[in-house]
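Asks: Numbering (our numbering), first residue to last: 2 to 296.
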Amino acid sequence: MTKFAHLNEEVADVLTLPTPERIEFCQSDRWVGYTRATRILEQLDQLLIYPKTLRMPNLLVVGRSGNGKSSILERFACRHPIQITAAGAPIAPLLHIEMPDTPDESELWSTILWALGISHREKDPASLKKRQVKSALQYASVRLLVIDEFNNLSNAGKKAADLLAAIKGLSNDLKISIVAAGTQAAINALNSDPQMKSRFEPAPLDRWRLDAEYLRFLASYERLLPLAEPSGLATREIAPIIYGMCGETIGSTVKLLKAAACFAINNGVEKIDARVLKNLPWTKPGEWDEVARRL
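Dropping the structure here:
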């Protein structure tokens with residue numbers, strides 16, 4: 002496969018597949034590590050082995066929508082799957098949930114119970130579900146509660162303070178760390194409880210810039226796209242075009258690269274060049290207002 006040295010070996014093998022399967026491969030999620038994500042994963046690993054103390058440390062992964070928060074958490078969860086001991090007991094290093102859209106304490110407990118695979122009556126009192134949650138988390142030896150979409154706390158109104166108190170109480174009682182992820186609104190939600198906020202260390206995912214880190218990401222991602230010819234995504238010709246089309250989030254960049262690769266394959270081009278990017282049906286992040294005005 003030296004003919005396709007611009008691709009990872011397993012990706013080069015995909016070139017022999019029919020077009021629909023190549024398209025499906027392009028559209029599948031792929032992990033590409035980058036400096037900030039790697040550092041956050043290291044922080045998460047440290048939390049997982051942190052000894053039980055009176056005041057457990059917490060982490061808030063915060064950034065714009067589409068800037069990689071959920072991908073990092075998914076990657077972390079996949080690295081630490083649930084295991085079953087010889088005696089048949091489960092060991093779950095972490096539990097990964099999403100904060101409900103319009104949360105209250107009862108719904109939070111139900112979300113945790115469902116994530117643990119525990120059937121229950123959602124109309125049961127919150128106090129009963131809380132006891133079930135604490136018992137189940139202890140039984141499964143959960144050390145880390147990961148809560149994505151933490152910014153949904155801003156939808157809780159006056160109940161937000163009760164939710165934060167419930168989460169803090171769970172951490173205190175079980176000596177587990179909390180990892181939250183969300184947008185700027187997650188920071189605003191924590192402002193309502195300064196004591197809880199003081200337990201969190203912020204892990205920001207800054208806006209991407211057209212710099213060496215971005216170019217490395219493009220070069221790495223190119224190796225994962227089953228195109229027969231090199232695209233040179235990190236070159237001076239192509240990289241600025243991609244960045245200009247995607248704005249400042251990694252999610253938008255990945256979405257564009259997937260779409261461009263599929264477009265290239267369907268049109269027999271076999272690489273992502275300036276012409277493909279020009280002809281690709283694509284709405285830039287800043288063009289949504291113009292779309293709305295045309296309606």
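C-beta atoms are modelled at their ideal positions from N, C-alpha and C, and glycine is treated no differently. For clarity, every value in this text was computed on a predicted model and none was experimentally measured.
Could you name the residues of the same chain whose beta carbon sits closer than 7 Å to that of Ile-168, not counting the 5 residues immediately before and after it, in chain order?
Replies: Answer for Ile-168: Ile-179, listed in chain order.
Asks: When the Cα atoms are used, what is the spatial distance from Lys-259 to Pro-19?
Replies: So the two alpha carbons sit approximately 17 Å from each other.
Asks: In three-state terms, what does DSSP make of Ser-136?
Replies: In this structure, Ser-136 counts as helix in the three-state DSSP scheme.
Asks: Against chain B, does Pro-282 count as a neighbour if the rule is that its beta carbon must be under 8 Å from one of theirs?
Replies: No chain B is present in this structure, which holds just one protein chain.
Asks: Tyr-140 to Ala-88, Cα distance in whole Å?
Replies: Rounded to whole angstroms, Tyr-140 to Ala-88 spans 13 Å at the Cα level.
Asks: What residue range does the alpha helix (DSSP H) around Glu-271 cover?
Replies: Glu-271 -> no alpha helix (DSSP H), and no H or E assigned at all.
Asks: State the Cα-Cα distance for the pair Asn-152 and Phe-77, rounded to the nearest angstrom.
Replies: Each residue's Cα considered, the two are about 20 Å apart.
Asks: Per DSSP, what kind of secondary structure is Ala-93 in: helix, strand or coil?
Replies: Of the three classes helix, strand and coil, the one that applies to Ala-93 here is coil, per DSSP.
Asks: Which word fits Ser-120, buried or exposed, when buried means at least 16 other C-beta atoms lie within 10 angstroms of its C-beta?
Replies: Classification of Ser-120: exposed, given that the 10 Å Cβ count is below 16.
Asks: Helix or strand or just coil, what does DSSP make of Gly-183?
Replies: Three-state result, Gly-183: strand.
Asks: Would the stretch 195-210 count as touching the stretch 58-78 if we require 3 or more Cβ pairs under 8 Å?
Replies: Yes, since at least three Cβ pairs between the stretch 195-210 and the stretch 58-78 fall closer than 8 Å, the two stretches touch.
Asks: According to the Cβ coordinates, are Ala-127 and Leu-96 closer than 8 Å?
Replies: No, the pair does not count as a contact, with Cβ atoms beyond the cut-off.
Asks: Is the distance from the Cβ of Pro-221 to the Cβ of Val-33 below 8 Å?
Replies: Before going further, note that residue 221 is Ser rather than Pro in the sequence given. Taking 8 Å as the Cβ cut-off, Ser-221 and Val-33 qualify as a contacting pair.
Asks: To the nearest angstrom, report how far apart Lys-176 and Lys-131 are at their CA atoms.
Replies: If I take the Cα positions, the gap works out to 15 Å.
Asks: Excluding the 5 residues flanking Ile-148 on each side, which residues of the same chain have their C-beta closer than 8 Å to its C-beta?
Replies: Around Ile-148: Ile-98, Glu-99, Met-100, Ile-168, Ile-179, Val-180, Ala-181 and Ala-182.
Asks: So, with DSSP's three-state summary, where would you put Ser-178?
Replies: Strand.
Asks: Which residues in the same chain have their Cβ closer than 8 Å to the Cβ of Ile-24, if we skip the five residues on either side of it in sequence?
Replies: Correct list, in chain order: Cys-263, Ile-266 and Asn-267.
Asks: Is Ile-85 buried or exposed, if buried means 16 or more other CB atoms sit within 10 Å of its CB?
Replies: That one is exposed.
Asks: Could you have a look at Gly-64 and say whether DSSP puts it in helix, strand or coil?
Replies: Strand, per DSSP.
Asks: Whole-angstrom Cβ separation of Ala-1 and Ser-193, contact assumed at under 8 Å?
Replies: This structure cannot settle anything about residue 1, because the visible part of the chain is limited to 2 through 296.
Asks: Starting from Asp-149, trace the beta strand (DSSP E) both ways and give me its first and last residue.
Replies: Its beta strand (DSSP E) spans residues 145-149.
Asks: Can you check whether the CB of Thr-184 is closer than 8 Å to the CB of Val-63?
Replies: Yes.
Asks: One question on the structure: do Leu-211 and Pro-241 come within less than 8 Å of each other, judged by their Cβ atoms?
Replies: Yes, the pair counts as a contact, with Cβ atoms nearer than the cut-off.
Asks: Identify every run of the beta strand (DSSP E) within the stretch 213-264, keeping only runs that are complete inside it and at least 3 residues long; order them along the chain.
Replies: None, since the stretch 213-264 contains no complete beta strand (DSSP E) of that length.
Asks: Would Cys-27 and Leu-226 qualify as a contact pair, given that the criterion is a beta-carbon distance under 8 Å?
Replies: The answer is yes: Cβ separation under 8 Å.
Asks: Skipping 5 residues on each side, what residues in its chain have a beta carbon closer than 8 Å to that of Pro-231?
Replies: The residues are His-7, Glu-223 and Lys-272.
Asks: Taking just the CA atoms, how far does Leu-296 sit from Gly-245?
Replies: Cα to Cα, the separation comes out at about 25 Å.
Asks: Ends of the beta strand (DSSP E) at Leu-206?
Replies: Residues 201-206.
Asks: For the candidate residues Ala-213, Arg-237 and Arg-144, whose alpha-carbon lies nearest to that of Thr-54?
Replies: The candidate whose alpha carbon is nearest that of Thr-54 is Arg-144.
Asks: Suppose contacts are defined by Cβ-Cβ distances below 8 Å. Is Gly-248 in contact with Lys-198 by that definition?
Replies: For Gly-248 and Lys-198, no; Cβs fall outside 8 Å.
Asks: Restricting to Cα atoms, I'd like to know which of Glu-288, Gly-233 and Ala-229 is closest to Val-270.
Replies: Taking only the C-alpha atoms, the option nearest Val-270 is Ala-229.
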